[in-house]
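Q:
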Amino acid sequence: MRELSRFSIRQLHNGLKRREFSVREIASAFLTRIEETDSRVRAFITVQPEQVVKHAEDLDRKLSSGELGMGFLTGIPLALKDNLVTQGTRTTAGSRILENYVPPYDATVTKRLRDAGALVIGKTNCDEFAMGSSTENSAYFSTRNPWDVSRVPGGSSGGSAAAVSSCQVPAALGSDTGGSIRQPAAFCGVVGLKPTYGRVSRYGLIAFASSLDQIGPFAGNVADAAMVLQAIAGHDSSDSTSAARPVDNYLVEVGRDLKGVRLGIPKEWFGSGLDRTVESAVRAAIGRLEKLGCSVVEVSLPNTEYAISTYYIIAPAEASSNLARYDAVKYGYRSPNPKDLEDMYKRSRSEGFGAEVKRRIMIGTYVLSSGYYDAYFLRASKVRTLIAQDYANAFETVDALVGPTTPSLPFKLGEKTEDPLEMYLSDVYTVTANLAGIPAISVPCAITDEKLPVGLQILGRHFQEGLLLRIGHALEQDLGLERPVLPAKGLKDLKDLKDLKDNE
Amino acid sequence: MVTLDDVKKIADLSKLSYTPDEIERFVQQFQEILRYFQHLDTAPTEGVNPTYHALEGVIGTPFRPDETKPSLPRREAVANAPREMESQFRVPKVIE
């Protein structure tokens, strides 16, 4: 049964329909895969095998009695990033401050997946409060890249990306505030989609930067990502920023060819900071898209140079406000024996938050403080308008933009942890989609000679997820990169692990 | 340029405490990050309106009827509290 863990959602669904195997057998196959691989990958913070098996048996019973119809996600095991709340299952956001937090409610995405019959198999590791680009800021442990365990899986949704990449689950959910779905997808050789701001409800997503956060799927192939998006997208009255517009049929979109699609290449994205190997892989992929019927022109996003500064002012500003809720009163960690209320706040927050979270709260508080507000926060918010206008101008002449997801290949664990600014710069191609609220997807476009994956990023107009999936699917089929097979050195090489320092 | 005193004040506003060693190191990192932000001064922001919500015009501001709805039972609402007494949050003494 073990080979089931390499199956796509569609294959699992078809097999279930034909009664080739049961939900229970699917659950066992993926739980076994997790057991065999997760001591090396370390994708999961929480797995609850007994509950998963019980749920699977329940689904089998209901399916055979006809009590339950068979949807695309019925009986499909999925993983959730640990900043998506799950009723009755501990949800930490990768932070010590939420080490014992057991949510009394489900996030809307959790509920929608459960309603669709999916098995929530576990909660995946992430940078604390989704702040980071390598998953090394988790308070618990660092997740490894399944392609090479001495490298980072990217972040902040590194656990979800690594879980899909190593076939521990066919698909997973992550959140993306400045690239936290797309960058780990690129680093782990899987598909990752950040939807339009407002397309997916954020209710029950532990807030980082509320004007930028968005939940989206990871999957081993584009059609599977489309199925998961279909299940979670749509208006939700519990999130006042969720869009009240109909959801497209993404599976229909995925099947369409690329004739007449106009693509733009942002010239500013191919400058000096871009790794040569990544650049040639991305250019080759764009060449394939041209052969598949797309026209390609160069476009300009002139305010790209301000992207990182703008993002690293706005996101921490919003975070400093959102994270004020961790006051050690209603939930979360409280430091023992505080002198008074003020001391309780300070000690609990200082002991409960990690270094990067504190840094961002500090930056955010600074840029919002009187005397600095205009120079930093207000100015960044104006530049945000310029960045959004750059995209709007580009989309007057093209339907989608294509470029690299990341400036480099996956870097080594520990390589950037001492230099926060260096880590921030690795987000240069992803943060602007969040600032503009547009959707963007990363799909694998090459495996290098070193056996590391490269991601191609495709960006579209608001609510054009269907087009992004369509382009991504056509490229994936053309390149034969649907769930690329991991190299032997990835998961099997234990020797590297001995040299790794871990923060547990 | 941000000073040690500025950083201490920001830490206080953020309800965070740092050891003297940590704060020295933090001032350096903070200065480096703020130096990087300086180039925003060259952005052509004259007459540009700020954006706080990328799809404000599309999503708009939704309204709903002001009706009471069931909420979490009290026991569940306090279940995650670090200290709790008779279904109420317990905190250090605030009033003398």
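Just so you know, the protein sequences line up as chains A and B, in that order. For reference, each letter of the first sequence is one residue, going 672 to 1175 in the working numbering. For reference, each letter of the second sequence is one residue, going 203 to 298 in the working numbering. Built from N, CA and C at the ideal position, the CB exists for glycine as well. Owing to the predicted nature of the structure, the values given are computational and were not obtained by experimental measurement.
1) Do the CB positions of A:LEU844 and A:PRO866 come within less than 8 Å of each other?
2) Report the neighbours of B:SER216 on chain A: residues whose CB is nearer than 7 Å to its CB, in chain order.
3) How long is the line joining the alpha carbons of A:GLU1175 and A:PHE1024, rounded to whole angstroms?
4) Would you call the segment 1076 to 1089 of chain A and the segment 1131 to 1148 of chain A touching, i.e. three or more CB-CB distances under 8 Å?
5) Exposed or buried, which one is B:HIS241 when buried takes at least 16 other CB atoms within 10 Å?
6) Please confirm whether B:THR205 has its beta-carbon closer than 8 Å to some beta-carbon of chain A.
7) Assuming A:GLY845 is part of the alpha helix (DSSP H), what are its boundary residues?
8) How about A:THR762 and A:ASP777: are their beta carbons less than 8 Å apart?
9) For A:LEU687, which residues in the same chain have their Cβ closer than 6 Å to its Cβ, ignoring the five residues on either side in sequence?
10) Name the chain A residues whose beta carbon is nearer than 7 Å to that of B:VAL229?
11) A:VAL840 to A:ASP895, Cα distance in whole Å?
12) Against A:ILE984, what residues of chain B qualify as contacts under a CB-to-CB distance less than 7 Å, listed in chain order?
13) I need the boundaries of the alpha helix (DSSP H) containing A:LEU734, first residue and last residue.
14) Please report the residue range of the alpha helix (DSSP H) in which A:TYR838 lies.
15) Return the Cβ separation of A:VAL862 and A:VAL1114 in integer angstroms, given the expectation that the two are a contact with Cβ distance under 8 Å.
16) Any beta carbon from chain A within less than 8 Å of B:THR247's own beta carbon?
17) Determine contact between the segment 957 to 966 of chain A and the segment 929 to 946 of chain A, defined as no fewer than three beta-carbon pairs at a distance below 8 Å.
18) Classify A:LEU749 as helix, strand or coil using the three-state DSSP reduction.
19) Rounded to whole angstroms, what is the Cα-Cα separation between A:TYR1004 and A:MET1015?
20) Sort A:ARG1030, A:LEU1012, A:VAL1000, A:ALA1026 by Cα distance to A:TYR983 and report the nearest one.
21) Nearest CA to the CA of A:ILE877: which residue from A:TYR997, A:ALA857, A:VAL1102?
22) At the 8 Å Cβ level, is A:VAL1156 part of the contact set with chain B, yes or no?
23) Report the neighbours of A:LEU1106 on chain B: residues whose CB is nearer than 9 Å to its CB, in chain order.
24) Can you give me the start and stop residues for the beta strand (DSSP E) that A:ILE852 sits inside?
25) Return the chain-ordered list of same chain residues with a C-beta closer than 7 Å to the C-beta of A:THR848, the five sequence neighbours on each side being excluded.
26) In the DSSP assignment, find the unbroken beta strand (DSSP E) run with A:ILE1109 in it and report its ends.
27) Could you give the distance in angstroms between the alpha-carbon of A:VAL1099 and the alpha-carbon of B:PRO252?
28) Kindly list the residues whose CB is nearer than 8 Å to the CB of A:LEU683, restricted to its own chain and excluding five residues on each side of it in sequence; keep chain order.
29) Can you tell me whether A:ASN816 is helix, strand or coil according to DSSP?
30) By how many angstroms is the C-alpha of A:ASP729 removed from the C-alpha of A:GLY935?
31) With DSSP as the reference, please indicate the residues paired to A:THR795 in a beta bridge.
32) Between A:LYS794 and chain B, is the shortest Cβ-Cβ distance under 8 Å, so that the two count as touching?
33) Smallest Cα separation from A:TYR1095: which of A:ALA789, A:GLN854, A:SER831, A:LEU790?
34) Can you find at least 3 beta carbon pairs, one from the segment 1057 to 1073 of chain A and one from the segment 969 to 980 of chain A, that sit closer than 8 Å?
35) Can you tell me whether A:ARG785 is helix, strand or coil according to DSSP?
36) Check A:GLU880 in the structure and name its three-state DSSP category.
A: If we stick to the structure as given:
1) For A:LEU844 and A:PRO866, no; Cβs fall outside 8 Å.
2) Close partners of B:SER216 in chain A (Cβ separation under 7 Å): SER991, ILE1032, MET1033, THR1036.
3) Unreliable placement is indicated for A:GLU1175, whose pLDDT of 33 sits below 50; the coordinate value is still reported in the next sentence. Each residue's alpha carbon lies about 15 Å from the other.
4) Verdict: no, contact absent.
5) Classification for B:HIS241: exposed.
6) Contact of B:THR205 with chain A is not assigned, every C-beta pair being separated by 8 Å or more.
7) Where A:GLY845 is concerned, there is no enclosing alpha helix (DSSP H), although the beta strand (DSSP E) it sits in stretches over 842 to 847.
8) A distance of 8 Å or more separates the beta carbons of A:THR762 and A:ASP777.
9) The beta carbon of A:LEU687 lies closer than 6 Å to those of GLY746 in the same chain, with the five residues before and after it left out.
10) The contacting residues do not exist; B:VAL229 stays about 11 Å from chain A at best.
11) Answer to the nearest angstrom: the Cα atoms are 12 Å apart.
12) Per Cβ cutoff of 7 Å: PHE239.
13) Here the alpha helix (DSSP H) through A:LEU734 covers 720 to 736.
14) As written in the sequence, residue 838 of chain A is Cys, which differs from the Tyr given in the question. Run containing A:CYS838: none; DSSP gives neither H nor E here.
15) The Cβ separation is near 5 Å, so the contact holds.
16) At least one beta carbon of chain A lies nearer than 8 Å to the beta carbon of B:THR247.
17) Taking 8 Å as the limit for Cβ pairs, the verdict is that the segment 929 to 946 of chain A does touch the segment 957 to 966 of chain A.
18) Looking at A:LEU749 - three-state DSSP - the assignment turns out to be strand.
19) Between A:TYR1004 and A:MET1015, the C-alpha separation is close to 10 Å.
20) That would be A:ARG1030, whose Cα lies nearest to the Cα of A:TYR983.
21) The alpha carbon of A:ILE877 has as its nearest neighbour, out of A:TYR997, A:ALA857, A:VAL1102, the alpha carbon of A:TYR997.
22) For A:VAL1156, the nearest beta carbon of chain B is not closer than 8 Å to its own beta carbon.
23) Identification of chain B residues near A:LEU1106 by a Cβ-Cβ cut-off of 9 Å yields THR253, ALA256, ordered along the chain.
24) Run containing A:ILE852: none; DSSP gives neither H nor E here.
25) Hits under 7 Å: ALA801, PHE879, ALA880, LEU883, ASP884, ALA986, ASN1105.
26) From DSSP, A:ILE1109 is part of no beta strand (DSSP E); its letter is neither H nor E.
27) Taking the straight line from one Cα to the other gives about 21 Å.
28) These residues qualify, in order along the chain: LEU675, ILE697, GLY746, ILE747, PRO841.
29) Collapsing the DSSP output to three states places A:ASN816 in a strand.
30) Their backbone Cα atoms lie some 49 Å apart in a straight line.
31) Partner(s): A:PHE715, A:LYS752.
32) No, because no Cβ of chain B sits closer than 8 Å to the Cβ of A:LYS794.
33) When C-alpha distances from A:TYR1095 are compared across A:ALA789, A:GLN854, A:SER831, A:LEU790, the shortest belongs to A:GLN854.
34) Counting Cβ pairs under 8 Å, three or more are found: they touch.
35) Three-state DSSP puts A:ARG785 in a helix.
36) A quick correction: the sequence has Ala, not Glu, at residue 880 of chain A. Taken through DSSP and simplified to helix, strand or coil, A:ALA880 comes out as coil.
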